[in-house]
Structure formats: structure tokens, C-alpha cells
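Chemist: Take a look at this one; I'll ask things after.
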Amino acid sequence: MQMNRREFLGQTVAGVTALAAASPLAVQAAEKPLEIIDTHTHFYDPTRPQGVPWPPKSDPLLYRKVLPADYRALKVPQPVAGTLVVEASVWVEDNQFILDLAKKDKFILGFAGNLKPGEAEFAANLKRFAADKIYRGIRVSGKVLADNLQNDAFVADLKRLMDLDLELDVNGPANTLPAIVEIAKKLPSLRIVINHLSNTRIDGKTVDAAWQENMEACAKQKRVYGKVSGLVEGTGRKDGTAPADAGFYQPQLDVMWRAFGQDKLVYASNWPVSERFAPIGTVQQIVHDYFSAKGSQALRAVFGGNAKAAYKWLKR
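Everything in the sequence shown is counted per the working numbering, starting at 65 for the first residue and increasing by one.
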């Protein structure tokens, strides 16, 4: 069937109008797929002969086999292109477990391991694991960082990270944020990623003043990034009823946006831990709803682009 020019133009306009009336996710998908990199997941297998040190058997939700295939089977508004794993096991050999897992599954783009700076074995272990380009850094607790700022061996080991162009994930409460500022000044080339909004409490209304002040001080450091995670966890609603409305999390997200801007925020789910508070689809949608209002460039940076800068993971 032939179509004249007037009919063609009329159908084109109608199609554009329909697209504009569609949901933001549909419009975005029609323009260009959004590359989502989840920068915080945990994978483990309690059925191994040696079991796992975390999570405990007493945790019926988390104590199960959790692997990349399980993550990919989850229902989310938009597919995730890959993930950065953050190691929760204190066993040194579990660093190798994740690296071996990554060899079999290219969904794992990078890995922040679990090693203890300041220990005699740190340098050798770091050299061993960092030989694999999937190894992108390590995570430490904010308290450990704060307690060891004057420990020369500890700081020297963080410098080893910096010299290898690796990063440092830090997970701790607001009162440990000043330690991040101090170590960032001592090691200005070290990339640091603050986990889970530093575990601030989220009630939909108030912002902890000390948390805000300390987070803003961290953001002033050139290579300190903020991980947009821990939102539903911040509600404390362990029955899975964390609100799905992005407006509930806006007070804290506004602080992060003003402090870090669109170039130093990275998306993360903290799955499967986040599952205790809300489905992963809700976690993704909250972040999407907030940052889509900041424009397409900001949305793409937070969901994918900034992960490359923070972790320097390699395309596989």
C-alpha cells in the first residue's frame, strides 16, 4: 500500500506525540538504551564444603546461594549491563573465589576485595590478586580507617593501592567520614568510594546535620565519589516495606547531588542485602526517578558512566 506525503507526515507526528506521552523509561529506551552498571553486589555460595563466614546460617533471607545468574533473573525496570562485586567475606581466599567466578561470567566487570591494610601479608596478597585486572581495589570499614590514620603501615598499604591505580571503598557511619577527608589529603591520587550514603538514617523528612556537613567535606576532595546505595536500607524497614516513592529519599539525595554533582555519583543496589528492605526493581526505580529529573546526561553518568571513572573497570 502506498502512502502520500501528507499521510506519512501525519503518522510521524502521531508517533512522536504518542512517544512523548509514554513513560520516561519508554522514551529513554526509544532514544538510546541506558547502560546500567551496578557497583555494589555480593556473591557467595554457602553450599561449598567450607561454607561462608557471611552471612550467618541464622539469616534465612541471605543464607542461600547467591550468584550472577540469580541476579540476572531478578525483575528490574531496565536490564543491568554488569556489576562490580564488593567482597563481604573476611577469608583471604574468597578474593580468589570471586576472581574465579568472574573468569566464568563476564557479567562481573570488577571486584573490590577484602584485605586488611597494615597486616604483614597485605603487600603480597595485593600483588597476587591485583595481577588480575578484574581486581579494582578493596573495601575497608570506616571505623578501621579512622582508627588507623596514624598507623604508618596501614597508610603505606593504602598508598600501595594508589600506586597500582586501584580504589578504596569505605563503609561506615557519618562520624567516620572525617577520616576519609584526612586520608584523601594524605593520598590525593587515591580514588575513594563512600558506600551506602554512609548509612545515614532516612525518614522522608529530616537530614542529619553532621552527616551533611561531613559528606560535603568529603565531596570537596577531588577523587572521592559517593555511591548512591543504602537508600531503602536507611529506612530501617526490614520487613520489605521501604517506600518506593523517590520523594521519600529526596532530602538525602539532594545533599548528595549538590555536594558531588553528576560526575562523582555512582549507582549501586547493595543486593542481596537490599532485598530485606525492598525488591531490587524498587531500588533501581527510585534512583532512576530522582536522576531522570536532572536530565539525560546526569542519569547516564550516575547509572553507568561514573562507574568507569571510579573503578576503572575494563570492557570484557
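Using N, Cα and C, we set each Cβ at its ideal position, and we do this for glycine too.
For the beta strand (DSSP E) containing E231, name the first residue and the last one.
Modeler: 231–235
Chemist: Which residue spans inside the segment 296–373 form an unbroken alpha helix (DSSP H) run of at least 4?
Modeler: As far as the segment 296–373 is concerned, its whole alpha helix (DSSP H) runs of at least 4 residues are 314–324, 344–356, 360–364.
Chemist: Expressed to the nearest angstrom, what Euclidean distance is found between the alpha-carbon atoms of A283 and G325?
Modeler: Approximately 9 Å, taken between the alpha carbons.
Chemist: With DSSP run on the structure shown, which of helix, strand or coil describes F171?
Modeler: coil
Chemist: With a threshold of 16 other CB atoms inside 10 Å of the CB of G174, please say whether the residue is buried or exposed.
Modeler: buried
Chemist: How should P122 be labelled, buried or exposed, when 16 other C-beta atoms within 10 angstroms of its C-beta is the threshold for buried?
Modeler: The sequence given here places Ser at residue 122; Pro does not occur at that position. Looking at its Cβ environment, which holds fewer than 16 other Cβ atoms inside 10 Å, S122 is exposed.
Chemist: Helix or strand or just coil, what does DSSP make of S253?
Modeler: Correct three-state label for S253: coil.
Chemist: Is it the case that the CB of Q348 approaches a heavy atom of the ligand FMN more closely than 7 Å?
Modeler: Here there are no bound small molecules, and the ligand FMN is not part of this structure.
Chemist: Check the C-beta distance from V347 over to S338 and give it rounded, since I have them as a contact under 8 Å.
Modeler: 5 Å
Chemist: Count the other CB atoms within 10 Å of the CB of Q214; is the residue buried (16 or more) or exposed (fewer)?
Modeler: Around the beta-carbon of Q214, fewer than 16 other beta-carbon atoms lie within 10 Å, marking it exposed.
Chemist: Measure the alpha-carbon distance for P143 versus I350 and round it to whole angstroms.
Modeler: 15 Å
Chemist: Taking Cβ to Cβ, would you say E151 is nearer than 8 Å to N178?
Modeler: Yes, the Cβ-Cβ distance between E151 and N178 is below 8 Å.
Chemist: Straight-line CA distance for R117 to A273?
Modeler: A small correction: the amino acid at residue 117 is Pro; Arg does not occupy that position in the sequence shown. Near 36 Å, if we compare the C-alpha coordinates of A273 and P117.
Chemist: Is G387 helix, strand or coil by DSSP?
Modeler: Nothing about residue 387 can be read from this structure; the chain reaches only from 65 to 380.
Chemist: Taking three-plus beta-carbon pairs below 8 Å as touching, is the segment 291–298 in contact with the segment 264–272?
Modeler: yes
Chemist: In the DSSP output, what is Y375 paired with across the bridge?
Modeler: In the DSSP output, where bridge partners are listed per residue, Y375 has none listed.
Chemist: Using 8 Å as the threshold, is the C-beta distance between S344 and S333 below it?
Modeler: The residue asked about is misnamed: residue 344 is Ile in this sequence, not Ser. Their beta carbons are under 8 Å apart, which means I344 touches S333 by this criterion.
Chemist: Cα separation between G290 and E277?
Modeler: 14 Å
Chemist: Between the alpha carbons of A308 and N189, how many angstroms are there, rounded?
Modeler: 42 Å
Chemist: Can you give me the Cβ contacts of N259 inside the same chain, cut-off strictly under 6 Å, excluding the 5 residues immediately before and after it?
Modeler: D233, N235, K291
Chemist: Please report how far the alpha carbon of G182 lies from the alpha carbon of L222, in whole angstroms.
Modeler: 9 Å
Chemist: Can you grab the Cα-Cα spacing for the pair P97 / S360, in whole Å?
Modeler: Whole-angstrom Cα-Cα distance: 11 Å.
Chemist: Please name the residue in V319, T305, L230, P237 whose C-alpha comes closest to that of K372.
Modeler: L230
Chemist: In three-state DSSP terms, what is T103?
Modeler: strand
Chemist: Under a three-way DSSP split, which group does Y199 fall into?
Modeler: strand
Chemist: Cα-Cα, which of F161, K129, V319 is closest to V271?
Modeler: V319
Chemist: Are the Cβ atoms of L163 and I202 separated by less than 8 Å?
Modeler: no
Chemist: Of all the options D102, T240, A362, which has the alpha carbon lying nearest to the alpha carbon of P132?
Modeler: D102
Chemist: Which one of T105, K129, F341 has the shortest CA to CA distance from P113?
Modeler: Considering only alpha carbons, the answer is K129.
Chemist: Please classify A217: is it buried, with 16 or more other beta-carbons within 10 angstroms of its beta-carbon, or exposed?
Modeler: Classification for A217: exposed.
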